[in-house]
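Residue numbers (my numbering), protein chains in the order written: chain A, 1 to 249; chain B, 1001 to 1249. Just so you know, even glycine gets a beta-carbon here, dropped at the ideal spot from N, CA and C. Step one of this worksheet: look at the structure below.
There are 2 protein chains.
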Amino acid sequence: MENMDVIFGKNSITEALIAGNREINKILISKNIHNDAKINKIKELAQEKGIVFQFVAKEKFQPYAEFNHQGVIALISPITYTDLDEFLESREHTNSSLVILDGIEDSHNLGAIIRTCVCAGVDGIIIPSRRNVQINSTVEKVSAGAINHIPIIKVNSPVNAVQKLKDNNWWIIATDASAKDNYYDVKYDDMNFAIIMGAEHAGVSKSLLKASDFIVKIPMQNSFNSLNVSNALSAIIFETLRQKLKKNK
Amino acid sequence: MENMDVIFGKNSITEALIAGNREINKILISKNIHNDAKINKIKELAQEKGIVFQFVAKEKFQPYAEFNHQGVIALISPITYTDLDEFLESREHTNSSLVILDGIEDSHNLGAIIRTCVCAGVDGIIIPSRRNVQINSTVEKVSAGAINHIPIIKVNSPVNAVQKLKDNNWWIIATDASAKDNYYDVKYDDMNFAIIMGAEHAGVSKSLLKASDFIVKIPMQNSFNSLNVSNALSAIIFETLRQKLKKNK
C-alpha cells in the first residue's frame, strides 16, 4: 500500500470492514478502552477477513487527539473515485439521481451530505477537484461510513460535467435562494436528474446556474433564513424520493 | 447581570444583537482580527444599542480556544425558556407546529435542529430538562443565532407535556425506524401537531411512542440506514411545510 489514509471511530471502521471495497492494512485499538459490543464486532469482522488488529498503548493515539477516534483507528487505502463516464456507462440509468456539490467548504457538511445521500438512495455525488473540501478523515467520520456506499465522482470542471450530463439526457436542478419556484414544484419521478448545492455562503456559481434546467428554492418562513446546506439537501432529496415512491406504489 | 453566558462567533453575535431579546453586557473583539464587513456590522449594531465593545489582546481568547470564536465573543444573559402553558395560552393556535426532542445528546445536532426549525417556521421546540443536551455555547454557535428566534420550552416530563398537548387538541407524531407509515402519509395541513425526534442511538422512548397519535418513519433506500437526526428532522419538517403552503396557495 503506497498511499494510506487513517480513519477514526467505531462506526467508520465497522462500515469500512463491512463494505470491503478498500484494503485495510491494520486496525489499532487502545488498550485503555472498554471492550464494548462495537469493538467486539470490529474484532470479529477483522478476524473473518484476515485483517490484523493490535492493542496499543493510548500514547499511540496522541497524534490523532484532535479527532474523536474513540480509541480505534484503521490504516486504509484511500477511497477510489469514480469517473463520470464510467458512472454513466456502468448501467442504463432510469430515474437515477446525482448530487453535485459546488464549493462546499466544511468537512462536517460534506460528511453529513454523503450520509443523507446514501440513506435517500442517491446514485452518486460529484465533487470538483478544486474549490471544494475533499474527502478527509473528518468527512469519513461524520459520514459514519456512508462514504463506502456511494460512488464519489471527482471532476475538474463542474460546468463540463453538467454539459456531459445534459448531453446524456439528464436534467439539472440548481438551488438558489432567489429562485421563483419551490423545490417541490419540480416533477422528479420521470427523469434522471442532478441537484446542485452551492457553497455555504456564495451559493451555486453563476456559470452553473446558467447551465441548469431548473432553479429552485426552499421557501423560508422567517427573516432568519440561513439553512445549513446538509439540512437543505435533506429537505430536497427526500422530496424527490417521496415522489418516486408515491409513483411506484 | 447575575448569570452570564458567553457566545462566540460573528453570526451568533450579530443575530443576538438583531434579535435584541437578551441583555448583552459586553462584546470583546480581538485586536488581531481583520476588520471585515461582519465585524463592522457588529460594531454598528452595538453602537446603535449602546452596548460596550472592546478591542482586546488575543490572549484574552485563550480560555475559549476550543471554540471557533472567530476573534469575537459576547457576554450575554442566558436564554429565557418559555413555559408550555405560557406557549399554549400566548395565542390561538391554528395549524401550529412543535418539535419535541427526546434525549438528543450532541450539541451540534441540537444547534442544527434549532436552525432548521426556525427556517421552516416551527412555532417552538420542547426539550426535557434532563437526559437531553441543554443550550450551551456550541448549540448557540451551530444554530447561527437561530436560538434567538424561536421559543425553547423546557419541560421536566416529556410524557406530561405530550399529555397536556393532547388535552389541548394537538396531535402527536413520533418517528421510529420500525414504523409502518411513512412521514409523508400524515396530513399535516389541518391540525396543530408536535413531532417527536428521538435520541441519536436509542430513538424515541417507549412511553412517548405509546402516547403518540401517529408513528412514522423515513423510508431508507440502503442497508446503510443511519440518517443524522437533524437531517431526518429536516426531511419531515419541510414536508409539513410543503403541505401547508400547497393548501394555502
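CA-to-CA, the gap between S1137(B) and N160(A) works out to about 43 Å. Residue pairing by DSSP puts M197(A) in a beta bridge opposite L101(A). Contact check for I196(A) and D102(A): beta-carbon distance about 6 Å, within the 8 Å limit, so the pair qualifies. Using a Cβ-Cβ cut-off of 9 Å, N1160(B) does not count as an interface residue toward chain A, since no Cβ of chain A sits closer than that to its own. Counting only residues of its own chain and dropping the five nearest sequence neighbours on each side, K58(A) has a CB closer than 6 Å to the CB of S30 and N32. Residue environment for T80(A): exposed (fewer than 16 other C-beta atoms within 10 angstroms of its C-beta). Counting only unbroken stretches of 4 or more residues, the alpha helix (DSSP H) elements lying wholly within the region 5–59 of chain A are 10–19 and 37–48, in sequence order.
Here the C-alpha atom of Q1243(B) lies approximately 14 Å from the C-alpha atom of S1234(B). In this chain, L1075(B) is not harboured by any alpha helix (DSSP H); it is covered by the beta strand (DSSP E) spanning V1072 to I1076. In the DSSP annotation of this structure, the continuous segment of the alpha helix (DSSP H) that includes G1111(B) starts and ends at S1107 to C1119. Less than 9 Å separates the beta-carbon of I1051(B) from that of I1024(B). Collapsing the DSSP output to three states places P1063(B) in a helix.
Close to R1115(B), with beta-carbon spacing below 8 Å, are these residues of chain A in chain order: S226, L227, N228 and N231. The straight-line gap separating the alpha-carbon atoms of K1154(B) and H93(A) is approximately 49 Å.
Under a criterion of Cβ atoms nearer than 7 Å, the residues of chain B adjacent to S234(A) are, in order, N1231, S1234 and A1235.
At a cut-off of 9 Å, the C-beta of E239(A) has a neighbouring C-beta in chain B.
Taking the beta carbon of N1222(B) as reference, the chain A residues within 8 Å of it are V118, C119, G121 and H149, listed in sequence order. Per DSSP, the unbroken alpha helix (DSSP H) holding F238(A) starts and ends at V229 to N248.
The shortest CA-to-CA distance from G1071(B) to any of V1056(B), E1015(B), I1125(B) and N1156(B) is the one to V1056(B). E1200(B) does not reach chain A, its nearest Cβ partner there being about 10 Å away, counting only Cβ pairs nearer than 8 Å. Sequence-distant Cβ neighbours of K164(A) in its own chain, meaning closer than 7 Å and more than five residues away, are L84.
Look at K1180(B): its C-beta is not under 9 Å from any C-beta on chain A.
V155(A) has P128(A) as its beta-bridge partners, per DSSP. Under the DSSP assignment, V139(A) falls in the alpha helix (DSSP H) whose first and last residues are S137 to V142. Pairing A144(A) with N1228(B) gives a Cβ-Cβ distance under 9 Å. Between E140(A) and I39(A), the CB-CB gap reaches or exceeds 9 Å.
Scanning its chain for C-beta atoms nearer than 8 Å, with the 5 sequence neighbours on each side dropped, one finds around G1020(B) the residues K1049, in chain order. The Cβ atoms of L110(A) and V142(A) sit closer than 9 Å to each other.
In the displayed model, I1147(B) falls within a helix according to three-state DSSP. Interface with chain B (9 Å Cβ-Cβ cutoff): G9(A) is excluded.
Contact between R22(A) and S77(A) holds: CB atoms are separated by about 5 Å, below the 8 Å threshold. Taking a C-beta distance under 9 Å as the contact criterion, I1147(B) and G1124(B) do not qualify as a contact pair.
The bridge partners DSSP lists for D1181(B) are V1216(B).
If you draw a straight line from the Cα of I1127(B) to the Cα of L1088(B), it is about 16 Å long.
A202(A) sits in coil when the DSSP states are folded into three classes, being neither helix nor strand. Annotation for I1172(B): the continuous beta strand (DSSP E) segment containing it runs W1170 to T1175.
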